[in-house]
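J.: Each protein sequence line maps, in turn, to chains A and B.
As numbered in the numbering used here, residues 124 to 282 make up the first sequence, in order.
As numbered in the numbering used here, residues 124 to 282 make up the second sequence, in order.
Sharing a structure with you now.
There are 2 protein chains.
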Amino acid sequence: MREFLKTKGYKMTPQRELVFRSFFELGEHVSVDELFDRVRQIDKAVGYSTVWRNLKLICEVGLAREVNVGDGVTRYDRVTRKPHGHFYCVSCKSLLEFDLNEIAGRLAKVATAEKFETESFKVEIEGVCKSCRDKENRKTKRSLSESPGVSKAKLSKKR
Amino acid sequence: MREFLKTKGYKMTPQRELVFRSFFELGEHVSVDELFDRVRQIDKAVGYSTVWRNLKLICEVGLAREVNVGDGVTRYDRVTRKPHGHFYCVSCKSLLEFDLNEIAGRLAKVATAEKFETESFKVEIEGVCKSCRDKENRKTKRSLSESPGVSKAKLSKKR
DNA sequence: TGACTAAATGAAAATCAATTTCAATACCGA
DNA sequence: TCGGTATTGAAATTGATTTTCATTTAGTCA
Ligand SMILES: [Mn+2]
Ligand SMILES: [Mn+2]
Ligand SMILES: [Zn+2]
Ligand SMILES: [Zn+2]
């Protein structure tokens, strides 16, 4: 790792090493805050900006990519895995991956047709995961006699 | 429109009408600021929050959807059109649409396979549009004698 | 036609993630 | 070891978004 970074013109530091290691330990879909927490468990002295900057660096050198599901928090995904899309459960906010091989092919075709030079795809399916749906069903069944109407949902809640 | 909103329990106001009308006039991929500017051209007294809230309302009642390409600005897209994906040019930040019919079918299949209840798809191709690529080529050709190396890119720039 | 009440408005403030600033510190090549 | 550059950490800033709150208004009903 040290060597890899050196070739790209970056120095190695204890903080950097810790951030990199923690990121790869955490695995999929890591947010800055999650990574920060993890790093802090090991070294209380590391600053938030250091974690942030090094996470950016991990992207910069091509080891991770940003994942933005539109819930206000950017997550970071290792690029080791082959191209994949994400199920995003709007209920529990979990991300589940699915393979993108055939679909990626079609998308590439669409892109060339439009003379668009593709850098990356982003495919997302928004909805409700099985576990959340089951939970919801059970709740509904339990309370079928109560509260007849649900009032207008308050506008937004994000972030 | 007035009637449509009434059935959903909302009142009509001059501001609301103006915001709605302006939104549909502007068409595709409208940001709050763009809409705000447009509205202000007609009525200087309308507040930003009013525009924002009504844009949210347009989504709430199902007439628009948020589009988040991860550049920090949320855009809003009418739902009149059939499902489509977006080319996002990272250079000029323009959005170009492409049809999603076949791909949507495949995605739906993937979703059912995973017992995931789909609410919507989000398909994006990031890259460089033809016009930007041409521009870039011309520039490169012109300056082939200059600056031999490009230094490390500054980390991030978004928003 | 009023009068009432919940909804809507506008200005300002609050949020909140993301990013930058800057002075102090630490790498690492010579 | 030394010196110049990169990195760090705390704090401040940014910029979009969202909320608050006092005031106004739309729509309802007598
Ligand atoms: Mn992933
Ligand atoms: Mn669109
Ligand atoms: Zn879920
Ligand atoms: Zn372009």
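Just so it is clear, CB atoms sit at the ideal spot from N, CA and C, and this is done for glycine as well.
Nothing here was measured: the structure is a model prediction, and the numbers come from that model.
For the alpha helix (DSSP H) holding residue 182 of chain A, just list the boundary residues, first then last.
T.: 171-183
J.: Which residues share a DSSP beta bridge with residue 165 of chain A?
T.: BP columns for residue 165 of chain A are empty, so no partner.
J.: According to a CB-to-CB cut-off of less than 8 Å, which residues of the segment 168-190 of chain A neighbour chain B?
T.: 176, 179, 180, 183 and 189
J.: Can you tell me which residues fall inside 5 Å of ligand 2, judged by beta-carbon distance to its nearest heavy atom, and keep chain order?
T.: Proximity to ligand 2 was defined by a C-beta distance below 5 Å to any of its heavy atoms, and the residues meeting it, in sequence along the chain, are B/200 and B/220.
J.: List the residues that DSSP assigns as beta-bridge partners of residue 218 of chain A.
T.: DSSP, once it has assigned bridges, lists A/211 as partnering residue 218 of chain A.
J.: Any heavy atom of ligand 3 closer than 7 Å to the beta-carbon of residue 217 of chain A?
T.: yes
J.: Can you check DSSP and say which residues form a bridge with residue 250 of chain B?
T.: A/241 and B/212
J.: Under 9 Å between beta-carbons, which chain A residues line up against residue 155 of chain B? List them in chain order, please.
T.: Correct list: empty, because the minimum Cβ distance to chain A is about 12 Å.
J.: Between A/217, A/198 and A/127, which lies nearest to residue 159 of chain A when the distance is taken from Cα to Cα?
T.: A/198
J.: With 8 Å set as the bound, which would you pick, yes or no: does the beta-carbon of residue 252 of chain A sit closer than that to a beta-carbon of chain B?
T.: Chain B has a Cβ within less than 8 Å of the Cβ of residue 252 of chain A.
J.: Checking the sheet assignment: what are the DSSP bridge partners for residue 154 of chain B?
T.: B/198
J.: Does any residue of chain A bring its CB to less than 8 Å from the CB of residue 243 of chain B?
T.: yes
J.: Return helix, strand or coil for residue 204 of chain A, following the three-state DSSP convention.
T.: coil
J.: Give me, in chain order, the residues of the same chain whose beta-carbon lies closer than 8 Å to that of residue 202 of chain B; leave out the 5 immediate sequence neighbours on both sides.
T.: 185, 186, 187 and 188
J.: For residue 205 of chain B, collect the residues of the same chain with a Cβ closer than 8 Å to its Cβ; drop the 5 residues on either side in sequence, then sort them by chain order.
T.: Result list for residue 205 of chain B: 222, 223 and 224, in chain order.
J.: So which residues on chain A does residue 150 of chain B lean against when the C-beta distance must stay under 7 Å?
T.: Near residue 150 of chain B there are no residues of chain A at all, since even the closest Cβ is about 20 Å away, more than 7 Å.
J.: Need the endpoints of the beta strand (DSSP E) that residue 192 of chain B sits in, please.
T.: It is not in any beta strand (DSSP E) - residue 192 of chain B carries neither H nor E in the DSSP assignment.
J.: So is residue 208 of chain B buried or exposed if we call it buried at 16+ other beta carbons inside 10 Å?
T.: buried
J.: Is there a Cβ of chain B sitting closer than 8 Å to that of residue 129 of chain A, yes or no?
T.: no
J.: Note down the Cα distance separating residue 129 of chain A from residue 139 of chain B, rounded to an integer number of angstroms.
T.: 57 Å
J.: Indicate whether residue 179 of chain B and residue 194 of chain B have their beta-carbon atoms separated by less than 8 Å.
T.: no
J.: Does any residue of chain B bring its CB to less than 8 Å from the CB of residue 67 of chain A?
T.: Residue 67 of chain A falls outside the range modelled here, since chain A spans only 124 to 282, and no answer is possible.
J.: Given a cut-off of 8 Å, decide if residue 162 of chain A and residue 141 of chain A are closer than it, judged by their beta-carbon atoms.
T.: yes
J.: Per DSSP, what are the beta-bridge partners of residue 236 of chain A in this structure?
T.: Paired residue(s): none; residue 236 of chain A is not in a bridge.
J.: Are there 16 or more other CB atoms within 10 angstroms of the CB of residue 234 of chain A, so buried, or fewer, so exposed?
T.: buried
J.: When the cut-off is 8 Å and only beta carbons count, does residue 246 of chain B lie next to chain A?
T.: Any Cβ of chain A closer than 8 Å to the Cβ of residue 246 of chain B would place that residue at the interface, and such an atom is present.
J.: Could you tell me the distance, in whole angstroms, from the CA atom of residue 167 of chain B to the CA atom of residue 237 of chain A?
T.: 41 Å
J.: What in chain B is Cβ-close to residue 238 of chain A, meaning under 7 Å?
T.: 253
J.: Please name the residue in A/228, A/257, A/249 and A/251 whose C-alpha comes closest to that of residue 243 of chain A.
T.: A/228
J.: Smallest Cα separation from residue 246 of chain A: which of A/152, A/230 and A/145?
T.: Among A/152, A/230 and A/145, the Cα nearest to that of residue 246 of chain A belongs to A/230.
J.: Are any of the Cβ atoms in chain A nearer than 8 Å to that of residue 126 of chain B?
T.: Interface flag for residue 126 of chain B against chain A is unset, since no Cβ pair is found closer than 8 Å.
J.: For residue 221 of chain B, go through chain A and note every residue whose CB falls closer than 8 Å to its CB, in chain order.
T.: 233 and 237
J.: Return yes when the Cβ of residue 181 of chain B is within less than 8 Å of the Cβ of residue 283 of chain B, no when it is not.
T.: In the structure as shown, chain B begins at 124 and stops at 282. Residue 283 of chain B is therefore absent and cannot be evaluated.
J.: Would residue 282 of chain B be called buried (16 or more neighbouring beta carbons within 10 Å of its own) or exposed?
T.: Any reading at residue 282 of chain B must be qualified, since the residue scores a pLDDT of 35, below 50, and its modelled position is unreliable; the value itself is stated next. Answer is exposed; the Cβ neighbour count stays below 16.
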